[in-house]
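*Asks:* Before we start, here is the structure in question, set down as structure tokens.
2 protein chains.
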Amino acid sequence: MRIGELARRSGVSVRALRYYEEQSLLDADRTPGGQRDYPDGAVDRVQLIQQLYAAGLSSRTIVELLPCVSTGTATQSMFDRLLTERDRIGVRMDELAQAKAKLDRVIEQVLAAGLTRDGATGSAPVGS
Amino acid sequence: MRIGELARRSGVSVRALRYYEEQSLLDADRTPGGQRDYPDGAVDRVQLIQQLYAAGLSSRTIVELLPCVSTGTATQSMFDRLLTERDRIGVRMDELAQAKAKLDRVIEQVLAAGLTRDGATGSAPVGS
DNA sequence: CTTGCACCTGACGCCGACGTGAGGTTTTAG
DNA sequence: CTAAAACCTCACGTCGGCGTCAGGTGCAAG
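One line per chain: the protein sequences are D and S, in this order.
Read in order, the letters of the first sequence are residues 1 to 128 in this note's numbering.
Read in order, the letters of the second sequence are residues 1001 to 1128 in this note's numbering.
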């Protein structure tokens, strides 16, 4: 599979795929003409990379963790990284939960108080 | 309260506080000499700002939402923003949950398979 | 053969939330 | 009064994950 198809199938840009390779997150064979040739499994790998990015991991961290994600084995230091990053994600989730709770409460308040007319500064709800 | 104390009490840098002011997230009185003078409530406000940043909101978004967070009222468009951002946080939480689940599974696998010796490439666990 | 699309390698641009000086002023302690 | 700590305003630097343009090459169709 060439890079354009991989991009379409995995939902990321061609530029991003080249960037992943630059970061040693992804590698490809080359055709005699120098074009990248990916195996089918690349789609899953790219989606895994995306998922870890979405979790807030950096390229550096991902490149250290990918081997044990694919093999299921790890050295001691890799294992420590795994635990650290898992915990970091947990902390992030708690932060998000708190922020969401705060917005939820604000939304409740606004629903209870009613909406303010655009441009108005007063506190009178816009009744029916 | 001057900026240094606010920084210590709210746990952010002096530079960050000036940046918040630049973004219209925070305002301060000035002493005759031109130094910033914050009321006590500023500590809470800064922590709120931090929390919203942590939730992935941008300065622009926060500056639009802060009024209704403090007043409990909103215009229609502000209310829409509230809902949008709350949902966005929900989506982020789901992404994080998925990534965390994946790491949890990897950790389980590694625990089951045992650790690999540093530098080793084989799949044999390091048994006792 | 030629057209034309997909691909290639640099290499600079971007954005947001600050960090980090430089160079000067205000406030406070003694 | 003086020294030093804290403060002030520019204004440039950083970092990561790409976007984007420039200028050239590979490959399949007619």
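Where a beta carbon is used, it is the ideal one built from N, C-alpha and C, also for glycine.
Counting pairs of beta carbons, one from the segment 46-65 of chain D and one from the segment 9-25 of chain D, are three or more of them closer than 8 Å?
*Replies:* yes
*Asks:* What does the alpha-carbon distance come out to for the pair D:R45 and S:A1112?
*Replies:* The C-alpha of S:A1112 is placed about 23 Å away from the C-alpha of D:R45.
*Asks:* In the DSSP assignment, the alpha helix (DSSP H) including S:S1013 goes from what residue to what residue?
*Replies:* DSSP places S:S1013 outside any alpha helix (DSSP H), giving it a letter other than H or E.
*Asks:* What residue does the alpha helix (DSSP H) around S:S1077 start on, and which one ends it?
*Replies:* Q1076 to A1113
*Asks:* Under a three-way DSSP split, which group does D:R60 fall into?
*Replies:* helix
*Asks:* Can you pull the DSSP bridge partners for D:R8?
*Replies:* Per DSSP, none; premise fails for D:R8.
*Asks:* Along the chain, where does the alpha helix (DSSP H) containing S:R1045 start, and where does it finish?
*Replies:* A1042 to A1054
*Asks:* Is D:A55 near the ligand COA, in the sense that its beta carbon is under 7 Å from a heavy atom of that ligand?
*Replies:* Among the ligands in the structure shown, none appear at all, so the ligand COA cannot be discussed.
*Asks:* Closer than 8 Å, CB to CB, is D:L6 near chain S or not?
*Replies:* Output row for D:L6: interface = no.
*Asks:* Of all the options S:I1107, S:L1083 and S:D1094, which has the alpha carbon lying nearest to the alpha carbon of D:E135?
*Replies:* Chain D is shown from 1 up to 128; residue 135 of chain D falls before or after that span and cannot be answered.
*Asks:* When you compare only the Cα positions, how much space is there between S:Q1109 and D:L52?
*Replies:* 18 Å
*Asks:* Excluding the five sequence neighbours on either side, which residues of its own chain have a C-beta within less than 7 Å of the C-beta of D:R30, listed in chain order?
*Replies:* R36 and D37
*Asks:* How long is the line joining the alpha carbons of S:R1018 and S:P1067, rounded to whole angstroms?
*Replies:* 20 Å
*Asks:* With DSSP as the reference, label D:E21 as helix, strand or coil.
*Replies:* helix
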